[in-house]
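Chains as they are written, first to last, in this note's numbering: chain D, 6 to 231; chain P, 454 to 714; chain V, 26 to 267.
For each residue, glycine too, the CB sits at the ideal point set by N, CA and C.
What follows is a short report on a single structure.
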Amino acid sequence: MKIYVKDGDFVIPGQLIGENINCNLEYCIVEGNKVYSTVEGLVRVNRKNVKIIPSFGGYIPKKDDIVIGVVIEVLPSGWVMDINSPYLCIMEGEEATEEVFKSNLKDFFDVGDIISAKVSEVNEVNSCKVVNPKKLIGGIVVDVNPKRIPRILGKKRSMLLLLREKTQCRIIVGQNGRVWIKGENTPIAIEAIKKIEREAQTKGLTDRIERMLDEKLGMVKKKNEK
Amino acid sequence: MKIEAYLKREYIRNLVKAGERIDDRDFLEYRSLKIERGYTKVKSPGSAFVELGNTKVLVGISLDVGQPYPDEPNKGVMTTSAELRPLADPYFEAGPPDEHAIELARVVDRGIRESNAIDLEKLFIEEDKVWIVFIDIHVLNNDGNLIDASGIAAISALLDARMPKYEDGQIIRGEWSGKLPVKEVPIPCTTAKICDKLLVDPCLDEEYSMDAQITITTTDRINAIQKSGVGAFKPEEIDQCVDIAFENAKKIRKIVKSAED
Amino acid sequence: MKNKDEVQLIVDGRRLDGRRPDELRKITMKVGVLTRAAGSAYIEWGNNKILVGVQGPRALHPKYLRDPTKAVLRCIYNMAPFSVDERKKPGPDRRSMEISKVITEALSYVVLLEKFPNTGIDVFIEVLQADAGTRCAAITAASLALADAGIPMRDLVAACAAGKVQGQIVLDIMKEEDNYGEADLPVAIAPRKKEIVLMQMDGNLTREEFKKAYELAIKGALQIYEMQKKALLESMKVEIEE
Numbered sequence: 006m007k008i009y010v011k012d013g014d015f016v017i018p019g020q021l022i023g024e025n026i027n028c029n030l031e032y033c034i035v036e037g038n039k040v041y042s043t044v045e046g047l048v049r050v051n052r053k054n055v056k057i058i059p060s061f062g063g064y065i066p067k068k069d070d071i072v073i074g075v076v077i078e079v080l081p082s083g084w085v086m087d088i089n090s091p092y093l094c095i096m097e098g099e100e101a102t103e104e105v106f107k108s109n110l111k112d113f114f115d116v117g118d119i120i121s122a123k124v125s126e127v128n129e130v131n132s133c134k135v136v137n138p139k140k141l142i143g144g145i146v147v148d149v150n151p152k153r154i155p156r157i158l159g160k161k162r163s164m165l166l167l168l169r170e171k172t173q174c175r176i177i178v179g180q181n182g183r184v185w186i187k188g189e190n191t192p193i194a195i196e197a198i199k200k201i202e203r204e205a206q207t208k209g210l211t212d213r214i215e216r217m218l219d220e221k222l223g224m225v226k227k228k229n230e231k
Numbered sequence: 454m455k456i457e458a459y460l461k462r463e464y465i466r467n468l469v470k471a472g473e474r475i476d477d478r479d480f481l482e483y484r485s486l487k488i489e490r491g492y493t494k495v496k497s498p499g500s501a502f503v504e505l506g507n508t509k510v511l512v513g514i515s516l517d518v519g520q521p522y523p524d525e526p527n528k529g530v531m532t533t534s535a536e537l538r539p540l541a542d543p544y545f546e547a548g549p550p551d552e553h554a555i556e557l558a559r560v561v562d563r564g565i566r567e568s569n570a571i572d573l574e575k576l577f578i579e580e581d582k583v584w585i586v587f588i589d590i591h592v593l594n595n596d597g598n599l600i601d602a603s604g605i606a607a608i609s610a611l612l613d614a615r616m617p618k619y620e621d622g623q624i625i626r627g628e629w630s631g632k633l634p635v636k637e638v639p640i641p642c643t644t645a646k647i648c649d650k651l652l653v654d655p656c657l658d659e660e661y662s663m664d665a666q667i668t669i670t671t672t673d674r675i676n677a678i679q680k681s682g683v684g685a686f687k688p689e690e691i692d693q694c695v696d697i698a699f700e701n702a703k704k705i706r707k708i709v710k711s712a713e714d
Numbered sequence: 026m027k028n029k030d031e032v033q034l035i036v037d038g039r040r041l042d043g044r045r046p047d048e049l050r051k052i053t054m055k056v057g058v059l060t061r062a063a064g065s066a067y068i069e070w071g072n073n074k075i076l077v078g079v080q081g082p083r084a085l086h087p088k089y090l091r092d093p094t095k096a097v098l099r100c101i102y103n104m105a106p107f108s109v110d111e112r113k114k115p116g117p118d119r120r121s122m123e124i125s126k127v128i129t130e131a132l133s134y135v136v137l138l139e140k141f142p143n144t145g146i147d148v149f150i151e152v153l154q155a156d157a158g159t160r161c162a163a164i165t166a167a168s169l170a171l172a173d174a175g176i177p178m179r180d181l182v183a184a185c186a187a188g189k190v191q192g193q194i195v196l197d198i199m200k201e202e203d204n205y206g207e208a209d210l211p212v213a214i215a216p217r218k219k220e221i222v223l224m225q226m227d228g229n230l231t232r233e234e235f236k237k238a239y240e241l242a243i244k245g246a247l248q249i250y251e252m253q254k255k256a257l258l259e260s261m262k263v264e265i266e267e
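Shown next as structure tokens:
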């Protein structure tokens with residue numbers, strides 16, 4: 006077994022990562038015993054395991070993901086959602102009511118409504134179903150590179166909790182690259198999230214974000230006191 | 454409505470009601486403006502690349518010899534076309550110009566034509582032969598207010614343009630004789646109306662959230678006006694927009710004139 | 026117009042622009058330059074200025090074009106009207122359509138299309154200023170734009186052209202050499218295994234000349250590949266704001 010990269014290296018498509026190693030097959034291909042990266046991104050090496058964290062990419066639905074979607078069509082038996090993905094996403098009428106065909110589904114969710122929901126199943130052409138919808142009223146949804154979402158959540162959601170605590174905003178993070186924010190300090194929350202998105206693959210980010218939030222929120226406090 | 458509109462419209466409108474913009478600008482403040490003349494000078498007589506915030510537009514000027522319009526036999530001809538390239542926005546489709554591209558071209562054209570910016574009489578060569586000026590607008594990245602960005606790029610490209618050498622009935626490509634005669638610098642200024650407030654230079658998110666917009670192109674006079682979008686303006690608001698247009702055009706004109714190659 | 030016989034393309038081992046026969050023109054590449062495209066890249070190659078933007082993977086319309094086993098890749102090569110000496114009417118012409126086809130086929134070899142069934146991936150190539158060798162520059166930049174979009178590929182694609190000028194095989198021919206030379210051979214490779222994914226030739230070459238030319242083109246493409254790697258790694262560097 007040979008590993009040709011170090012932890013924290015950047016890799017590009019077609020780059021040889023190693024021979025006879027364990028690597029997340031989503032982002033690499035194996036030819037014989039050689040393993041190559043298929044994307045540009047950061048590589049994490051942990052003893053025998055190599056993981057590629059891509060820098061960019063769209064969202065492909067995965068079971069149990071929380072996503073933020075927009076209702077784009079109301080059907081007699083359910084809704085069609087846009088989840089920032091090239092694939093079809095459906096929510097069944099039963100998610101809102103047992104009496105699907107007797108009700109007017111528009112009364113529950115109408116075109117343009119923003120919803121957070123969970124992906125319950127994905128088929129072989131990546132079409133998916135979502136369940137447990139929650140309507141998100143007010144606030145703003147910002148688009149974020151879906152590959153940076155793990156960093157916005159942080160280890161054990163530490164980054165998200167930091168954001169929520171400092172800004173006192175309601176924040177819901179969708180794995181599909183959408184973040185819903187509501188609260189007085191929304192502009193600061195947006196700035197912090199954009200900074201995390203930009204600097205996701207650097208070290209010491211959590212501290213920098215905490216410092217930035219303290220600074221910006223301190224300024225707001227001063228402004229309000231005047 | 455576009456998806457982005459659903460995600461942000463409510464929030465942006467509430468911000469505006471509270472006197473703020475999503476990118477922290479003042480209501481009458483333009484985004485940063487960068488102009489690079491001569492961007493494609495190796496091939497085209499004139500060109501200018503404009504970045505207005507993140508909106509990027511490249512305009513090229515081409516010159517050819519052809520026939521004048523029958524009703525104006527002693528004047529050169531100008532024609533403007535625009536392409537919203539699909540790499541500029543996921544909603545732009547490949548194919549012939551749609552109504553947005555056509556409106557964009559015609560509004561930019563109007564400002565330049567009606568102000569007589571190009572001295573078309575100086576483009577007369579001989580009987581039945583005049584210079585034809587092609588203004589080609591190539592939109593490369595859409596972050597809102599394509600009209601102002603394109604109009605600024607167009608007049609900058611015209612100011613940049615050189616006349617090809619013309620000898621013995623032939624255009625000698627790659628050799629130049631003098632500059633394209635430009636006498637005026639018309640500048641378009643677009644103001645958006647959101648919840649009864651007027652904001653200048655709407656970014657893309659604001660375009661998704663607005664009720665309507667009005668573009669007013671000025672020199673020392675008003676040369677073109679285009680109201681677009683489904684909402685309505687009150688007469689007093691139009692008066693305000695005219696003042697805003699003259700004000701901002703003055704500032705932008707300085708930047709355009711000083712953007713030497 | 027100069028007579029073909031009057032133009033001296035190589036004098037004392039130097040070409041019209043001062044280059045040696047195996048020298049590339051000046052090339053710069055930048056990745057991630059557009060905000061409304063999934064991925065983008067900009068290349069200046071000699072006087073060529075080419076911008077590429079990728080949209081997708083996205084839902085493909087009309088539906089009958091969809092492939093349930095993989096994504097459909099479409100590359101559209103377009104020249105701005107002002108990109109050439111004599112204005113080109115907007116819209117696809119026959120040359121643009123041919124170039125679009127060969128570039129699409131070349132990139133389809135490296136992109137892992139099976140990862141995105143039923144979708145379309147659109148690569149838009151905008152030639153802003155053209156000066157010979159646009160298709161090589163275009164496909165080089167397109168490959169970077171696809172990487173920038175996070176679309177998985179088994180390899181990048183690097184391209185370069187060789188030609189025959191005044192009897193000599195030269196690398197990366199420029200406009201005058203294209204007009205007055207004897208052959209033009211653009212080649213694109215998947216650099217890892219030097220697999221040829223694009224090759225076209227027009228002109229007059231013996232078998233030995235052809236071999237020399239394509240070996241030279243591949244050598245050039247491998248130099249291009251090194252620049253692509255640098256450009257991608259550069260684009261991943263982040264300026265930390267304290």
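Review point. Among V/151, V/183, V/81, V/128, which one has its Cα closest to the Cα of residue 142 of chain V?
Key: As a working note, residue 142 of chain V is residue 117 in the third sequence. Nearest option by C-alpha distance: V/81.
**Study point:** 7 Å Cβ cutoff met for residue 602 of chain P and residue 709 of chain P
**Key:** Reading the second sequence from its first residue, position 149 is the one you call residue 602 of chain P. Reading the second sequence from its first residue, position 256 is the one you call residue 709 of chain P. No, they are not a contact pair.
**Study point:** Simplified DSSP state of residue 177 of chain D, which is helix, strand or coil
**Key:** Sequence index remark: in the first sequence, residue 177 of chain D carries index 172 (1-based). Here residue 177 of chain D sits in strand by DSSP.
**Study point:** Contact with chain D by residue 732 of chain P, beta-carbon distance below 7 Å
**Key:** Any question about residue 732 of chain P goes unanswered here, given that chain P covers just 454 to 714.
Review point. Which whole runs of the alpha helix (DSSP H) in the stretch 454-479 of chain P are 4 residues long or more, in chain order?
Key: 456-470
Exercise for review: Taking the CB atoms as reference points, tell me whether residue 501 of chain P and residue 512 of chain P lie closer together than 7 Å.
Suggested key: Translated into positions along the second sequence, residue 501 of chain P becomes position 48. Translated into positions along the second sequence, residue 512 of chain P becomes position 59. Closer than 7 Å, so yes.
Practice item. Using the DSSP secondary-structure output, state which residues sit across from residue 148 of chain D in a beta bridge. Key: Numbered from 1 along the first sequence, position 143 holds the residue referred to as residue 148 of chain D. D/183, per the DSSP bridge assignment.
Review point. Which residues does DSSP pair with residue 23 of chain V in a beta bridge?
Key: Nothing about residue 23 of chain V can be reported from this structure: the residues present for chain V run from 26 to 267 only.
**Study point:** Straight-line gap, residue 544 of chain P to residue 38 of chain D (C-alpha atoms, nearest Å)
**Key:** For the purposes of this step, residue 544 of chain P is identified with residue 91 of the second sequence, where counting begins at 1. For the purposes of this step, residue 38 of chain D is identified with residue 33 of the first sequence, where counting begins at 1. One C-alpha to the other measures close to 43 Å.
Exercise for review: For chain V, find out if any of its Cβ atoms is closer than 7 Å to the Cβ of residue 192 of chain D; answer yes or no.
Suggested key: To locate residue 192 of chain D, count along the first sequence from 1; it is residue 187. Not an interface residue.
Exercise for review: State the beta-bridge partners of residue 96 of chain D as determined by DSSP.
Suggested key: By 1-based counting over the first sequence, the position of residue 96 of chain D is 91. Answer by DSSP bridge pairing, in chain order: D/84, D/135.
Exercise for review: Check distances from the C-beta atoms of the stretch 197-227 of chain V to those of chain D and list, in chain order, the residues that come in under 8 Å.
Suggested key: 215, 216, 217
Exercise for review: Could I get the ranges of all uninterrupted alpha helix (DSSP H) runs contained in the stretch 107-168 of chain V, with 4 residues as the minimum, in chain order?
Suggested key: 119-135
Practice item. Report yes or no: do three or more beta-carbon pairs, one from the stretch 619-626 of chain P and one from the stretch 472-479 of chain P, lie closer than 8 Å? Key: no
Point to revise | Beta-carbon proximity list for residue 680 of chain P, same chain, < 6 Å, skipping 5 on both sides | key: As a first step, residue 680 of chain P must be located in the second sequence, where it is residue number 227. If we look at residue 680 of chain P and ignore the five residues flanking it on each side, its Cβ neighbours are 667.
Exercise for review: Give a yes or no on whether the C-beta atoms belonging to residue 469 of chain P and residue 650 of chain P are separated by under 7 Å.
Suggested key: Locating residue 469 of chain P in the second sequence gives position 16, counting from the first residue. Locating residue 650 of chain P in the second sequence gives position 197, counting from the first residue. Result yes, Cβ atoms of residue 469 of chain P and residue 650 of chain P sit closer than 7 Å.
Exercise for review: Scan the stretch 594-644 of chain P and note each continuous alpha helix (DSSP H) run of 4 residues or more that stays entirely inside, going in chain order.
Suggested key: 599-613
Check your understanding: Taking Cβ positions, are residue 127 of chain D and residue 68 of chain D nearer each other than 7 Å?
Key -> If you number the first sequence from 1, residue 127 of chain D lands on position 122. If you number the first sequence from 1, residue 68 of chain D lands on position 63. Contact flag set, yes.
**Study point:** Contact set between residue 180 of chain V and chain D, taken where Cβ atoms lie within less than 7 Å
**Key:** As a first step, residue 180 of chain V must be located in the third sequence, where it is residue number 155. 18, 19, listed in chain order.
Check your understanding: Name the chain V residues that come within less than 9 Å of residue 204 of chain D, Cβ to Cβ?
Key -> Mapped onto the first sequence, residue 204 of chain D falls at position 199. Correct list: 263, 264, 265, 266.
Exercise for review: Could you work out which residues of chain P lie near residue 144 of chain D, taking near to mean beta carbons separated by less than 9 Å?
Suggested key: As a first step, residue 144 of chain D must be located in the first sequence, where it is residue number 139. Going along chain P in sequence order, the residues near residue 144 of chain D (Cβ under 9 Å) are 463, 464.
Point to revise | Per-residue DSSP class, three states only, for residue 33 of chain V | key: Within the third sequence, the letter at position 8 stands for residue 33 of chain V. Of the three classes helix, strand and coil, the one that applies to residue 33 of chain V here is coil, per DSSP.
Practice item. To the nearest angstrom, report how far apart residue 694 of chain P and residue 212 of chain D are at their CA atoms. Key: Counted from its first residue, the second sequence places residue 694 of chain P at position 241. Counted from its first residue, the first sequence places residue 212 of chain D at position 207. In a straight line, the C-alpha of residue 694 of chain P is about 46 Å away from that of residue 212 of chain D.
Exercise for review: Output yes if chain V places a C-beta closer than 7 Å to the C-beta of residue 472 of chain P; else output no.
Suggested key: Here residue 472 of chain P refers to the residue found at position 19 when the second sequence is read from its first residue. Chain V, which has no Cβ nearer than 7 Å to the Cβ of residue 472 of chain P, makes this no.
Review point. The alpha helix (DSSP H) spanning residue 497 of chain P covers which residue range?
Key: Within the second sequence, numbered from 1, the residue matching residue 497 of chain P stands at position 44. No alpha helix (DSSP H) contains residue 497 of chain P, which DSSP labels as neither H nor E.
Practice item. Would you mind giving the Cβ-Cβ distance between residue 156 of chain V and residue 104 of chain V, rounded to the nearest angstrom? I have them listed as a contact below 8 Å. Key: Within the third sequence, numbered from 1, the residue matching residue 156 of chain V stands at position 131. Within the third sequence, numbered from 1, the residue matching residue 104 of chain V stands at position 79. About 12 Å; that fails the 8 Å criterion.
Exercise for review: Would you verify that the beta carbon of residue 459 of chain P is, or is not, closer than 7 Å to some beta carbon of chain D?
Suggested key: Residue numbering aside, residue 459 of chain P sits at position 6 when the second sequence is read from its first letter. Yes, because at least one Cβ of chain D sits closer than 7 Å to the Cβ of residue 459 of chain P.
Exercise for review: Leaving out five residues on either side along the sequence, give the residues of the same chain with a beta carbon under 7 Å from the beta carbon of residue 683 of chain P.
Suggested key: Indexing the second sequence from 1 puts residue 683 of chain P at position 230. Hits under 7 Å: 665.
Point to revise | Test item: CB-CB of residue 49 of chain V and residue 191 of chain V under 7 Å | key: Translated into the one-based positions of the third sequence, residue 49 of chain V becomes position 24. Translated into the one-based positions of the third sequence, residue 191 of chain V becomes position 166. The answer is no: Cβ separation not under 7 Å.
Point to revise | Interface partners of residue 538 of chain P on chain V, CB under 7 Å | key: On the second sequence, position 85 is the one that residue 538 of chain P refers to. Result: 149, 151.
Review point. If you measure from the beta carbon of residue 62 of chain D to each beta carbon in chain P, is any gap under 7 Å?
Key: On the first sequence, residue 62 of chain D is found 57 positions in, with the first residue counted as 1. With 7 Å as the cut-off, residue 62 of chain D does not count as an interface residue toward chain P.
Review point. Does DSSP classify residue 668 of chain P as helix, strand or coil?
Key: As a first step, residue 668 of chain P is located in the second sequence; it is residue number 215 there, counting from the start. Here residue 668 of chain P sits in strand by DSSP.
Review point. Leaving out five residues before and five after residue 13 of chain D in sequence, what residues of the same chain have Cβ atoms less than 6 Å from its Cβ?
Key: Sequence index remark: in the first sequence, residue 13 of chain D carries index 8 (1-based). Answer for residue 13 of chain D: no residue qualifies.
Review point. Taking the alpha carbon of residue 159 of chain V as the point to measure from, which residue in V/120, V/260, V/59 has its own alpha carbon closest?
Key: Looking up residue 159 of chain V in the third sequence gives position 134. Residue 159 of chain V has its Cα closest to that of V/120, out of V/120, V/260, V/59.
Point to revise | Identity of the residue in P/505, P/659, P/639, P/552 nearest residue 677 of chain P by Cα | key: The residue you call residue 677 of chain P lines up with position 224 of the second sequence. Answer by Cα proximity: P/639.
Check your understanding: So with Cβ pairs under 7 Å, would you call residue 178 of chain D a contact of chain P?
Key -> Residue mapping note: residue 178 of chain D aligns to position 173 of the first sequence, counting from 1. No, residue 178 of chain D does not count as interfacial toward chain P.
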